[in-house]
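Shown next, in structure tokens, is the structure this report addresses.
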Amino acid sequence: MTDAAWESLSNQAIAAAGLLYFLALLAHLVEWASLRKVPLASGAAATESVDIPGGVAVATGPDGDEVEDRARRTALFGRLGYLVTCLAVAVHFVSLFSRGMAADPNRVPWGNMYEFTLTGTFVVAFLYVVLYRKFRLAWMAPIVLAFVLTILMVAVIWLYSPVAPLTEALSSYWLVIHVVSAIIATGAFTLGGITSALYLVKARSVARGASAESGYVARLPQPEALDRVAYRLHAFGFPVWTFAVLITGPIWAHQAWSSYWNWDPKEVWAFITWVVYAAYLHARTTAGWKGRNAAILALVGVATLWFNFIGINYFSTTSQHSYAGGAPAPISAETLQR
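Encoded structure:
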């Protein structure tokens with residue numbers, strides 16, 4: 001295949017992935033709409049089902065069989081949504097692979113903000129699919145799919161760039177090490193931030209009494225479970241982010257710009273993000289912070305994370321990260337000696 005054919009395949013695949021994410025979102029929306037007619041289970045039944053958020057209601061009496069049938073049909077939409085999401089993630093990967101193959105020479109698909117955004121959304125969706133059963137994330141499906149679909153639309157409409165060779169600063173194997181770790185951490189922190197936001201919604205609903213819970217909120221896990229999932233996601237993401245920001249990032253910077261630290265806006269905000277998440281984990285382990293305060297701090301962290309990822313590109317004109325749309329990267333000492 002020619003480079004143009006690979007690029008065309010990448011564009012078609014990301015369009016197909018977007019359509020599949022949309023269909024998966026529709027399936028989950030139908031699932032949640034159908035759940036209104038399924039009684040909310042309690043006790044053991046509320047923790048036995050992954051496919052039906054809130055548990056499978058086990059009804060008795062004359063309407064018991066009807067409720068069971070309705071619960072099974074609702075679970076079918078949940079499974080369908082998850083399977084379509086898995087297919088969307090696979091097609092999403094095809095788009096990334098094709099994007100890398102379209103360059104001459106072939107490279108990793110991380111040469112500009114469009115490609116970084118495609119990769120970031122892929123990791124968020126991939127982590128959701130992988131952790132779906134381990135953390136029982138059926139309740140997260142509509143939020144994750146809406147988030148991924150929205151960011152993909154932003155990328156395609158406003159961030160798209162034609163395939164081009166990597167700049168000199170990006171032509172390094174440290175690019176792979178640094179960016180892979182940073183994006184994995186970004187995916188984990190994003191899922192943790194979503195969980196923290198849902199914790200605040202659920203905790204507020206519980207505090208107002210059972211009568212205040214209905215629809216989506218009623219099907220969310222209890223606040224303690226949400227708080228626990230959020231902590232596990234952040235605890236996983238933090239050491240990976242530390243490796244990306246404090247180890248591989250400075251090494252790559254020294255190789256590209258002959259300096260471990262350049263006060264680049266991306267570097268500064270990455271460190272700010274690290275400090276916020278370090279404070280989050282430190283507060284939880286030493287001061288016993290849980291619940292609302294921890295959730296708010298986690299949301300501050302994810303806000304700094306995504307501001308650094310996308311937002312700062314529109315406020316800084318001095319970034320040495322050329323893919324970010326800032327000023328061109330300075331010529332390294334090695335280049336000057338050639």
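Residues in the sequence shown are numbered consecutively from 1, following the UniProt record's numbering. Quick reminder that beta carbons are idealized off the backbone N, C-alpha and C, glycines included.
Given residue i as reference, the closest of the options once Cα atoms are compared
{"i": "Pro142", "options": "Leu305, Trp306, Val30, Leu9", "result": "Val30"}
{"i": "Thr186", "options": "Phe243, Ala279, Lys37", "result": "Phe243"}
{"i": "Trp269", "options": "His254, Leu281, Arg133, Leu246", "result": "Leu246"}
{"i": "Ser171", "options": "Asp3, Ala103, Val156", "result": "Ala103"}
{"i": "Ala278", "options": "Phe77, Val300, Gly81", "result": "Val300"}
{"i": "Phe315", "options": "Thr74, Ala5, Ala303, Lys266", "result": "Lys266"}
{"i": "Leu19", "options": "Val276, Arg284, His282, Met153", "result": "Met153"}
{"i": "Tyr114", "options": "Ala155, Ile251, Arg133", "result": "Ala155"}
{"i": "Glu68", "options": "Pro39, Phe238, Tyr82", "result": "Pro39"}
Distance between residue j and residue i (C-alpha atoms, nearest Å)
{"i": "Ser98", "j": "Leu9", "result": "6 Å"}
{"i": "Trp274", "j": "Ile14", "result": "31 Å"}
{"i": "Val123", "j": "Val179", "result": "12 Å"}
{"i": "His234", "j": "Thr85", "result": "23 Å"}
{"i": "Asp264", "j": "Ala298", "result": "24 Å"}
{"i": "Phe307", "j": "Phe236", "result": "21 Å"}
{"i": "Ala90", "j": "Ile310", "result": "25 Å"}
{"i": "Ala253", "j": "Ile194", "result": "32 Å"}
{"i": "Leu35", "j": "Met140", "result": "15 Å"}
{"i": "Arg72", "j": "Met101", "result": "44 Å"}
{"i": "Leu159", "j": "Gly192", "result": "25 Å"}
{"i": "Ala16", "j": "Ile151", "result": "15 Å"}
{"i": "Tyr280", "j": "Ala287", "result": "10 Å"}
{"i": "Gly43", "j": "Ala188", "result": "In this predicted model, Gly43 has a pLDDT of only 47, less than 50, meaning its place in the structure is not dependable; the value taken from the coordinates is given anyway. The straight-line gap from Cα to Cα measures roughly 30 Å."}
{"i": "Ile272", "j": "Thr304", "result": "7 Å"}
{"i": "Trp6", "j": "Phe93", "result": "13 Å"}
{"i": "Arg232", "j": "Val217", "result": "22 Å"}
Sequence-distant residues of the same chain with beta carbon closer than 7 Å to residue i, five excluded per side
{"i": "Val176", "result": "Val108"}
{"i": "Trp110", "result": "Phe116, Thr119, Leu175, Val179"}
{"i": "Lys37", "result": "Arg70"}
{"i": "Val129", "result": "Thr85, Cys86, Val89"}
{"i": "Leu96", "result": "Pro109, Leu118, Thr119, Phe122"}
{"i": "Leu137", "result": "Tyr128, Leu131"}
{"i": "Ala197", "result": "Leu299"}
{"i": "Ile251", "result": "Trp174"}
Own chain, CB closer than 8 Å to residue i, minus 5 neighbours either side, in chain order
{"i": "Pro105", "result": "Pro165"}
{"i": "Pro223", "result": "Tyr199, Lys202, Ala203, Val206, Gly291"}
{"i": "Phe77", "result": "Ala27, His28, Val30, Glu31, Ser34"}
Beta-carbon proximity list for residue i, same chain, < 6 Å, skipping 5 on both sides
{"i": "residue 339", "result": "Absent from the model: residue 339. The displayed extent of the chain is 1 to 338, so no value can be given."}
{"i": "Val229", "result": "Phe135, Thr195"}
{"i": "residue 339", "result": "This structure does not reach residue 339, given that the chain is present from 1 up to 338, and the question cannot be answered."}
{"i": "Ile183", "result": "Thr119, Gly120, Val123"}
{"i": "Pro240", "result": "Note that residue 240 is Val in the sequence shown here, rather than Pro. Cβ within range, chain order: Ser181, Ile184, Ala185."}
Any chance the region 156 to 168 sits against the region 201 to 211, with 3 or more Cβ pairs inside 8 Å? no
Flag this pair as touching only if the region 257 to 270 and the region 284 to 294 have three or more C-beta atom pairs under 8 Å; answer yes or no. no
Flag this pair as touching only if the region 15 to 24 and the region 144 to 154 have three or more C-beta atom pairs under 8 Å; answer yes or no. yes
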